[in-house]
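Below is one structure, written out as C-alpha cells, with a few remarks after it.
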Amino acid sequence: MKKIGVLTSGGDAPGMNAAIRAVVRYGIFAGMEVVGIERGYAGLLENKMIPMSMRSVSDIIQRGGTILRTARCLEFKTPEGQEKGVENLRKAGIEGLIVIGGDGSFMGAKALSERGFPAVGIPGTIDNDLAYTDFTLGFDTACNTVLDAINKIRDTMTSHERVSIVEVMGRKCGDIALYAGLCGGAEVIVVPEHKLSIETICERLTESKERGKLSGIVVLAEGAGNANDLAKEIESRTGFSIRSSVLGHLQRGGSPSMKDRYLGTSMGVYAVKLLEKGVGNRIVGIHKNKIFDMDIVEGCAMKKQFDYELYNMAAIVAR
Ligand code: ADP
Ligand code: F6P
Numbered sequence: 001m002k003k004i005g006v007l008t009s010g011g012d013a014p015g016m017n018a019a020i021r022a023v024v025r026y027g028i029f030a031g032m033e034v035v036g037i038e039r040g041y042a043g044l045l046e047n048k049m050i051p052m053s054m055r056s057v058s059d060i061i062q063r064g065g066t067i068l069r070t071a072r073c074l075e076f077k078t079p080e081g082q083e084k085g086v087e088n089l090r091k092a093g094i095e096g097l098i099v100i101g102g103d104g105s106f107m108g109a110k111a112l113s114e115r116g117f118p119a120v121g122i123p124g125t126i127d128n129d130l131a132y133t134d135f136t137l138g139f140d141t142a143c144n145t146v147l148d149a150i151n152k153i154r155d156t157m158t159s160h161e162r163v164s165i166v167e168v169m170g171r172k173c174g175d176i177a178l179y180a181g182l183c184g185g186a187e188v189i190v191v192p193e194h195k196l197s198i199e200t201i202c203e204r205l206t207e208s209k210e211r212g213k214l215s216g217i218v219v220l221a222e223g224a225g226n227a228n229d230l231a232k233e234i235e236s237r238t239g240f241s242i243r244s245s246v247l248g249h250l251q252r253g254g255s256p257s258m259k260d261r262y263l264g265t266s267m268g269v270y271a272v273k274l275l276e277k278g279v280g281n282r283i284v285g286i287h288k289n290k291i292f293d294m295d296i297v298e299g300c301a302m303k304k305q306f307d308y309e310l311y312n313m314a315a316i317v318a319r
C-alpha cells in the first residue's frame, strides 16, 4: 500500500496520540503517504482529511486526548453511510485505514472490511472492555489517575475515620474499579459483572472497622450504581460518616503513562506493518506481553470474562 489513513473514534483515551505518531512516522519511514482523518467516521463522511508529515506529530506523545479529535457518528452505522465512507476513502486514493477506538469503532472497521476495504483496529478505550486483548490504550493511565485520587481521599478519610465511595468509569466493564481498587487497597469493590447487595457492602465495612481499620474506601463502577445513593444507604444502615466522590471525565484525560505510550507506539507500528503487507480486516492486541493481531470478526465476537481471581484476591489483601 502506498497511501493509508488513520482516525480516532468513540471515547478518547490517553495513548491515542502516541499511536497516531507511530502510524505517521513509521508509515512515512516505510515509504507511504499517511492521511489523518479528523473526528472519526463523522470526518470520514465529510472528507475531513489532512496529509500528515513527520512534524505534524511532533510534541504529542506526552499529550492525552487525540490531535485528530473524535466523534460519534450515527450515519456510519447505516449501509449508506458505510458505502459513502468507502467511496470517500477510494476517491482520496487511500488503500487501507487504521481505526483507533473501542468496540463500537471496531464495528465500523469491520463494516469497512466487509465492504472490501482493508481496515486494521487498534484498541483505544480507558474501559479495557475488549475481550481479545489483555489491555487497551488508556486503561493504565486512567487507573493511575484513579489511584492518585484514592490516595488523596484515603488521607482525609483516615484523619476523620470516615468511609468514602469513589465512583469510577465503566458502564458494563468493571476493570477500572477492579485494578484501581486492588492497587489502592479498597475495602470493597463494586462492579457491574458482580453486583454486591447493600447488606454485603455494609457487612464488609463493619468487619473492616472491627479489625481496626480507621477508614474505608468503596470503589464503585458507574455501571453498578450511584455514589451518592450508595453513600446515603450505607450511612443510614451503619451510622458511619460517609462521603462520596464521582471522578468522571478526569479519568479520560492526562498525560499517558509509560505503558500507554509503549502500547500506542508498538501497536501503531504493528498496524502499519500489516497494511504494508496488504493485510487488512485485523485487530491488534497484546497478550502475555506480546503484540499480536487477529481476525476482526473473530475478535469482536469474543466475550470478555471478568477476572474473579483478581477480584477475590483484592478482598483478601484489603482485610
Ligand atoms: P467506542 O469505539 O469507544 O466503543 P462508540 O460505541 O460510541 O465508541 O462507537 C464509536 C463510533 O463507531 C460510532 O459513533 C459509530 O460511528 C461507529 N459504530 C459503532 N457501532 C457501529 C456499528 N455497529 N456499525 C458501524 N459503525 C459503528
Ligand atoms: O468508553 C469510555 C467511557 O469513558 C466510559 O467509561 C464512559 O461510560 C463513557 O465513555 C462516557 O462517555 P461520554 O461522556 O463521552 O458520552
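Residue numbers for the sequence shown follow my numbering, so the first one is 1 and each next one is one higher. By construction, the Cβ of each residue, glycine as well, lies at the ideal position given by its N, Cα and C atoms.
Under 7 Å between C-beta atoms of residue i and residue j
i, j, result
"Y132", "G285", "yes"
"T145", "G11", "no"
"G40", "V6", "no"
"G108", "L275", "no"
"K259", "D140", "yes"
"A19", "G268", "yes"
"K77", "C300", "no"
"E162", "S241", "First, the residue type needs correcting, since residue 162 is Arg and not Glu in the sequence shown. Yes, the pair counts as a contact, with Cβ atoms nearer than the cut-off."
"S244", "A227", "yes"
"V297", "A221", "no"
"P256", "G15", "yes"
"K3", "G93", "yes"
"T8", "T66", "yes"
"N17", "I60", "yes"
"A271", "I98", "yes"
"A314", "G181", "yes"
"I106", "G85", "A quick correction: the sequence has Phe, not Ile, at residue 106. Taking 7 Å as the Cβ cut-off, F106 and G85 do not qualify as a contacting pair."
"K195", "A231", "no"
"E38", "L68", "yes"
"T158", "C202", "no"
Residues bridged to residue i (per DSSP)
i, result
"T8", "I100"
"V168", "A221"
"I122", "I100"
"M32", "DSSP output for M32 lists no bridge partner at all."
"V146", "DSSP, once it has assigned bridges, lists no residue as partnering V146."
"P322", "Nothing about residue 322 can be read from this structure; the chain reaches only from 1 to 319."
"L89", "Beta-bridge pairing links L89 to no other residue."
"V163", "G216, I242"
"K2", "Per DSSP, none; premise fails for K2."
"L137", "G124"
CA-to-CA distance, residue j to residue i, given in whole angstroms
i, j, result
"G389", "P123", "No statement about residue 389 is possible, as the shown extent of the chain runs from 1 to 319 and does not include it."
"A13", "G212", "39 Å"
"T262", "Q62", "The amino acid at residue 262 is misidentified as Thr; the sequence shows Tyr. Taking the straight line from one Cα to the other gives about 11 Å."
"L112", "M302", "19 Å"
"L89", "N128", "29 Å"
"V166", "T206", "18 Å"
"V191", "I198", "13 Å"
"M1", "G253", "34 Å"
"V23", "S236", "54 Å"
"G116", "E83", "11 Å"
"E233", "L130", "33 Å"
"A318", "A119", "44 Å"
"M294", "I283", "5 Å"
"R21", "E210", "52 Å"
"Q251", "I150", "12 Å"
"K277", "P79", "28 Å"
"I316", "R204", "11 Å"
"H160", "V246", "20 Å"
"G81", "E75", "5 Å"
"Y179", "D229", "23 Å"
"F306", "K91", "43 Å"
"A177", "K273", "35 Å"
"C73", "E87", "17 Å"
"M54", "G104", "29 Å"
"V148", "G280", "According to the sequence shown, residue 148 is Asp rather than Val. Roughly 39 Å between the two C-alpha positions."
"E309", "A142", "22 Å"
"D134", "S56", "31 Å"
"T156", "S164", "10 Å"
Cβ-heavy atom distance, residue i to the ligand HEM, below 6 Å
i, result
"K2", "This structure lacks the ligand HEM; its bound ligands are the ligand ADP and the ligand F6P."
Any chance you could list the beta strand (DSSP E) runs of at least 3 consecutive residues sitting entirely within the region 242-310, in chain order?
242-246, 282-287, 290-295
Does the region 177-189 come close enough to the region 202-220 to have 3 or more Cβ pairs within less than 8 Å?
yes
Is the region 286-299 touching the region 42-49 in the sense that three or more CB pairs, one from each, lie closer than 8 Å?
no
Please specify which runs of the beta strand (DSSP E), each continuous and at least 3 residues long, are wholly inside the region 188-215, giving them in chain order.
188-190
Length-filtered (3 minimum) beta strand (DSSP E) runs lying within the region 12-69
33-37, 49-51
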